[in-house]
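K.L.:
For what it's worth, the numbering used here labels the leading residue of the sequence shown as 39, then goes sequentially.
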Amino acid sequence: MFAGINGYEYAGVTYTRTWQHSTNACVDCHMNTFDATAGKGGHSLVVNKNACTSCHGSDKLTPIQTAIDAKLVELSEALFLRKVMKKTTNSSGVVSYSAETTHNFNGKLYPKTQTPGDKFAKASKFNTVSPTIGLVIYGSMLTYNVDAYYTKRIGRPWKYGELGATYNYGYIKSELSKDIHNKTYALQLLQASIDWLAANK
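(1) Considering only the beta carbon of each residue, do residue 123 and residue 181 sit closer than 8 Å?
(2) According to DSSP, is residue 109 helix, strand or coil?
(3) Count the other CB atoms, across all protein chains shown, that sit within 10 Å of the CB of residue 176; report buried if there are 16 or more and exposed otherwise.
(4) With a threshold of 7 Å on Cβ separation, who are the neighbours of residue 68 within its own chain once the five nearest residues in sequence on each side are excluded?
(5) Output yes or no for whether 8 Å exceeds the beta carbon distance between residue 191 and residue 138.
(6) Would you tell me roughly how many angstroms separate the C-alpha atoms of residue 140 and residue 222, rounded to the nearest one?
(7) Should residue 164 go down as buried or exposed, given a rule of 16 or more other Cβ atoms within 10 Å for buried?
(8) Would you mind stating whether residue 188 and residue 149 have Cβ atoms separated by less than 8 Å?
(9) Helix, strand or coil for residue 65 per DSSP?
(10) Output needed for residue 196: all residues of its chain with C-beta closer than 8 Å, excluding positions within five of it in sequence on either side, in chain order.
(11) Can you tell me where the alpha helix (DSSP H) holding residue 231 begins and where it ends?
(12) Quick one, are the C-beta atoms of residue 106 and residue 232 less than 8 Å apart?
(13) Looking only at C-alpha atoms, which of 47, 220, 200 and 216 sits nearest to residue 120?
(14) Which ranges does the beta strand (DSSP E) cover as unbroken runs of at least 3 residues, wholly within the region 100-169, from first to last along the chain?
(15) Is residue 171 buried or exposed, if buried means 16 or more other CB atoms sit within 10 Å of its CB?
(16) Taking DSSP as the reference, what is the three-state secondary structure of residue 98?
(17) If I follow the unbroken alpha helix (DSSP H) through residue 201, where does it start and stop?
(18) Just confirm the distance between the C-beta atoms of residue 220 and residue 40, as a whole number of angstroms; I'd bet it's less than 8 Å.
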């Protein structure tokens with residue numbers, strides 16, 4: 039992310055590689071002015087945000103991370119509507135997204151419609167490694183059932199653009215700085231993914 043590479047890049051889109059802190063890399067932020075009271079900055083490698091705002095003039099981190107979060111939601115909703123991702127809400131009301139499978143354990147495609155008697159394999163038990171002897175204990179087991187989620191599945195293999203958009207979602211979601219490491223590139227990846235999905239329904 040920092041170098042402006044490794045995202046899924048759509049043809050015809052221009053991406054920005056470098057940004058304000060590209061030259062000095064980690065040092066600019068992670069080794070900025072040491073705050074002895076807070077124990078941040080310097081060789082602690084914990085970013086001293088006060089040093090950031092003394093240069094930038096105000097809190098730039100929160101608006102950037104808010105913009106990234108908004109684009110992540112927009113992209114995940116677009117993927118959910120295409121049945122590429124599934125959406126779950128936990129008991130606390132927190133919404134999360136994850137990729138929806140297109141094939142069963144044996145590589146059989148899940149169809150859009152359910153055929154009576156058509157069953158699909160799912161792994162119910164897995165091989166394990168013995169903690170005492172270090173050998174594999176074979177215990178893999180498959181169960182076969184009708185697909186209870188057929189109405190939520192896309193019913194076909196993903197298109198490359200959908201795969202790319204899902205990859206970009208995961209790439210940016212797992213980037214623990216919330217993409218402060220290269221906000222321009224992150225936003226370009228998200229917007230390009232959203233635009234491709236809108237143009238290729």
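Cβ atoms here follow ideal geometry from the backbone N, Cα and C, with glycine treated the same way.
P.N.:
A quick look at the data gives this:
(1) By the CB criterion at 8 Å, residue 123 and residue 181 fall outside the cutoff.
(2) Helix.
(3) Residue 176 is exposed by the Cβ-count criterion.
(4) Correct list, in chain order: 83 and 85.
(5) In contact: residue 191 and residue 138 (Cβ atoms closer than 8 Å).
(6) Between residue 140 and residue 222, the C-alpha separation is close to 32 Å.
(7) Residue 164 comes out exposed.
(8) In this structure, residue 149 lies closer than 8 Å to residue 188 by Cβ.
(9) Correct three-state label for residue 65: helix.
(10) Excluding its 5 nearest sequence neighbours in each direction, residue 196 has C-beta neighbours in its own chain below 8 Å: 122, 140 and 204, listed in chain order.
(11) Taken as a continuous stretch (DSSP letters only), the alpha helix (DSSP H) holding residue 231 covers 221-237.
(12) It is not a contact, given that the beta carbons lie outside the stated cut-off.
(13) 200 is the residue among 47, 220, 200 and 216 whose C-alpha sits nearest the C-alpha of residue 120.
(14) The qualifying runs are 123-127, 133-137 and 158-163.
(15) Residue 171 comes out exposed.
(16) Residue 98 sits in coil when the DSSP states are folded into three classes, being neither helix nor strand.
(17) Bounds of the alpha helix (DSSP H) holding residue 201 are 198-211.
(18) Taking a contact as a CB-CB distance under 8 Å, the pair residue 220 and residue 40 counts as one, their CB atoms being some 6 Å apart.
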